[in-house]
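Q: In the numbering used here, each residue carries its 1-based index in the sequence shown increased by 73. Glycine is no exception: its CB is placed at the ideal position from the N, C-alpha and C atoms. Since the structure is predicted, the reported quantities are computational estimates derived from the model, not experimental observations. Just dropping this structure here.
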Amino acid sequence: LSLVACSSGSSNTEQTETGVKDGEYTASAEGFGNGEVKVTITVKEGKIASAEVDGSTQSEGYGKTAADGLAQEIVDGQTYDIDVVSGATATRDAVSLAAKDCMTQAGFDVDSLTTIVETGESEEVETDVLVIGMGASGSVAALKASESGAKVIGVEATEALGGFGNAAQGMFAIGSVEQDERYGDDAETDEEYWYNHMTSHNNNLGNSKLVREFVAEAKNTVSYMLNHGVKFFLSQTAQQIAHFDTEVVYHRWNGADPFTYIGQYLDENGVEIRYNTTANSLITDADGNVTGAKCTKKDGSELTVNAKSVIVATGSFASNAELMEETLGEEVYNNAMVLAGSQLPGVEMMWDIGASKGDLLTMNHGVTTKGVEETVSQITLNSPILWVNGQGKRFMNEDLLKDTVEFTSAVVAQGGIAYTIVDQATIDRWTDTTKENTGTWVHYWDRFGIKDADGNPTTYHATMSKEDLDKDFAALQEANEGGVFDTLEEAAAFIGCDAEDLKETVSNYNSYVNSGEDTEFYKDAEDLKFTVEEGPFYVTKGHAGVLGALGGVNTNEKLQVLTPEFKVIGGLYATGNNISGVSFAAYQDVEGVGLGFSLTSGRLAGAQAAENAGYTVVEDTKELTEVGKATMEEAKNSKIEQEH
């Protein structure tokens, strides 16, 4: 995070005896996804009378929802040190930085301030099932458990339901009602195909039983969501070029406000949700079974929840800097663009009571610039042009860009940074508005809205105006994320590599383009489009994008958490990104696997937790109710097919 702007507000100020000046003060800081968050405080009689947070750039239903609560924390605590609202971490940190700047402008001694929290009364409650974290998997787990008859309490550190599920696009499923409708008997892949695909991608080091359960049950999750009003529809095409040769498995919900519907059903089934409440530790009995959790409420008081079953659905460890650095390595962690989740001690709580520590992974997904808004880098970092590492050498077949996970992982293997290089002739081609498209595909969706003769989206990107391209590269240069260089020696100086190494790389690459044969990394001849010959040379610096973290504990196929000896810990279940084993060593290259597993594991864990609490659970199938049928038709008729 970095402070990006600050300005005083009212010039009509009055200084108090403490040196604090009454008035209005405004500052901004960078929040989630490089979006600017603006904070305005009004000081009267030496105290913060009001605060406003403009979180309009933050993620829907998450950072945006947290904004008002964060503003109130500033006023209630008379401080910028807003630790009470512990979700929406990037938004919270931006608000804290901007508020600190505002208070400094007003003359507060910010270095001596501490958070003022009025402690309320401690509370102890009883329930059948406790769900910790009400994101995508947790909300579905709570719903399924409550529909099975169990009394359910959910604790959620933020003020919103759904967590990063609100930013998700869609889920994996094979054999769903929507696939049956589209493919029928013509389907070429089945559960066996996808089970083998995932286990082979793991080199059989993952949890094969859990993978099998996921592949079999995902189709029922699609129907479960449709039956609860969530508008899933099967995407028109695969989202990534590498996946064009299989049936579409990506069931999309973006724009469907999924947790509006889930929230309604949670209310109808009597699920009690304690928002702004963070679970800190699990409670165990003399035999090591989990029987509840100790939590902290918004007012700082303790909430003890005693339960027959506990589901931890906190979304893994993306905001734990120590674990992220351990997983990525220090160099990659410092170079990567990490979009962290909420700062919750979910996996640590389970480790503390004896859960096994599973394989820890990151969700490597895309390469981007830092500190620059949407620019020409959307083309340069998504096209199969010349890519080099920090040594000025090629390091991959650029056709890897046909799959986001694969090419991002290749960049991670180079320390998390890579560079693309094109020459003036390529720039001229990209800005030639007389051409239908640039001739270079964008790796998995058309960000610029180009369509083919039949009106369908294409994988080619549009031409750009020369004015826009020049402006974008100027922004890249100002941010030290790229530049325009007259010679390869200057380009090498920017990259920090030996000029002769870069020249040799460029010379070799040009020979591959001219001959139509890449003898180094075997890039497809049809993608050897542009040589790099005459300057100026346009360089873009790319950072590996990390969407979050995966893994933490091992479970069986029933989502029961295991000890290091692979024994079941009674009463404890985990879901979603907290679980190791579906992906191992690398994130699965399957569209929608993250959300698909989160929702499916949540549904299954909810059923298991209710059964453990003594309730009879009705098994889900892919059969649609009348609500589900109507929802599917509505989703198909209203679907938005521009990809992202």
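How big is the Cα-Cα spacing for residue 717 and residue 361?
A: Because residue 717 carries a pLDDT of 36, less than 50, the predicted location of this residue cannot be relied on, and the following value inherits that uncertainty. So the alpha carbons of these two residues sit roughly 46 Å apart.
Q: Quick check on residue 437: buried or exposed, where buried means 16 or more other Cβ atoms within 10 Å of its Cβ?
A: buried
Q: Three-state secondary structure (DSSP) at residue 719?
A: No information on residue 719 is available, as it lies outside the stretch 74 to 717 that the chain covers here.
Q: According to DSSP, residue 324 sits in a beta bridge with which residue or residues?
A: 244 and 307
Q: Taking the CB atoms as reference points, tell me whether residue 700 and residue 336 lie closer together than 8 Å.
A: no
Q: With a threshold of 16 other CB atoms inside 10 Å of the CB of residue 508, please say whether the residue is buried or exposed.
A: exposed
Q: Here's the rule I'm using: 16 or more other beta-carbon atoms within 10 Å means buried, otherwise exposed. How should residue 573 be labelled?
A: Exposed, by the Cβ-count rule.
Q: Quick one: is residue 195 buried, meaning 16 or more other Cβ sit within 10 Å of its Cβ, or exposed?
A: exposed
Q: Who pairs with residue 372 in a beta bridge, going by DSSP?
A: Paired residue(s): none; residue 372 is not in a bridge.
Q: According to DSSP, is residue 730 part of a helix, a strand, or is it coil?
A: For residue 730 there is no data in the structure shown, the boundaries of the chain being 74 and 717.
Q: Would you identify the three-state DSSP class for residue 347, choosing helix, strand or coil?
A: strand
Q: Excluding the 5 residues flanking residue 583 on each side, which residues of the same chain have their C-beta closer than 6 Å to its C-beta?
A: 604
Q: In this structure, how does DSSP classify residue 124 when only helix, strand and coil are distinguished?
A: strand
Q: With a cut-off of 8 Å on the beta carbons, I'd call residue 363 and residue 355 a contact; round off their distance for me.
A: Sure, about 5 Å apart at Cβ, within 8 Å.
Q: So the candidates are 432, 390 and 635; which of them puts its Cα closest to the Cα of residue 412?
A: 390
Q: Where does residue 645 sit, in a helix, a strand or coil, going by DSSP?
A: In this structure, DSSP gives residue 645 an extended state, which the three-state scheme calls strand.
Q: My understanding is that residue 560 touches residue 608, with C-beta atoms under 8 Å, so please give their C-beta distance in whole angstroms.
A: Indeed, because the Cβ distance is near 6 Å, the residues count as touching under 8 Å.
Q: Measuring CA to CA, which of 268, 420, 167 and 496 is closest to residue 718?
A: In the structure as shown, the chain starts at 74 and stops at 717, and residue 718 therefore has no counterpart that could be examined.
Q: Taking the C-alpha atoms as reference points, what is the distance between residue 621 and residue 704?
A: 31 Å
Q: Pick helix, strand or coil for residue 355, following the three-state DSSP scheme.
A: strand
Q: Throw me the rounded Cβ distance for the residue 642 and residue 428 pair, which I believe falls under 8 Å.
A: The beta-carbon distance between residue 642 and residue 428, rounded to whole angstroms, is 6 Å. This is short enough to meet the 8 Å contact definition.
Q: Quick check on residue 697: does DSSP put it in helix, strand or coil?
A: Residue 697: coil per DSSP, three-state reduction.
Q: State the DSSP-derived secondary structure class of residue 633, mapped to helix, strand or coil.
A: strand
Q: Tell me the rounded alpha-carbon separation between residue 177 and residue 113.
A: 13 Å
Q: Roughly how many angstroms separate the alpha carbons of residue 92 and residue 148, rounded to a whole number?
A: Straight-line spacing of the CA atoms in residue 92 and residue 148 works out to 19 Å.
Q: For residue 484 and residue 661, I'd like the C-alpha separation in whole angstroms.
A: 17 Å
Q: Which value, in whole angstroms, describes the spacing of the CA atoms of residue 289 and residue 155?
A: 44 Å
Q: At which residue ranges does the stretch 399–463 contain complete alpha helix (DSSP H) runs of 4 or more residues, listed in the order of the chain?
A: Taken in chain order, the complete alpha helix (DSSP H) segments of 4 residues or longer contained in the stretch 399–463 are 403–408, 419–425 and 450–453.
Q: Would you check if the stretch 208–215 and the stretch 644–659 touch, i.e. whether three or more CB-CB distances between them fall below 8 Å?
A: Result yes; three or more Cβ-Cβ pairs closer than 8 Å.
Q: Taking the Cβ atom as the reference point for each residue, do residue 218 and residue 202 lie within a distance shorter than 8 Å?
A: yes
Q: Per the DSSP calculation, residue 492 is bridged to which residue(s)?
A: 461 and 614.
Q: Which residues mark the beginning and the end of the beta strand (DSSP E) in which residue 203 is found?
A: 196–205
Q: Evaluate residue 152 with the Cβ neighbour count: other Cβ atoms within 10 Å of its Cβ, from every protein chain shown; 16 or more gives buried, anything less gives exposed.
A: With 16 or more Cβ atoms within 10 Å of its Cβ, residue 152 is classed as buried.
Q: Between the Cα of residue 456 and the Cα atoms of 466, 480 and 291, which residue gives the shortest distance?
A: 480
Q: Just checking, does the stretch 463–483 make contact with the stretch 302–318 on the three C-beta pairs under 8 Å criterion?
A: Segment contact: the stretch 463–483 against the stretch 302–318, three or more CB-CB distances shorter than 8 Å; contact assigned.
Q: Just the Cα atoms here: how many angstroms apart are residue 654 and residue 283?
A: A straight-line Cα-Cα distance of about 7 Å links residue 654 and residue 283.
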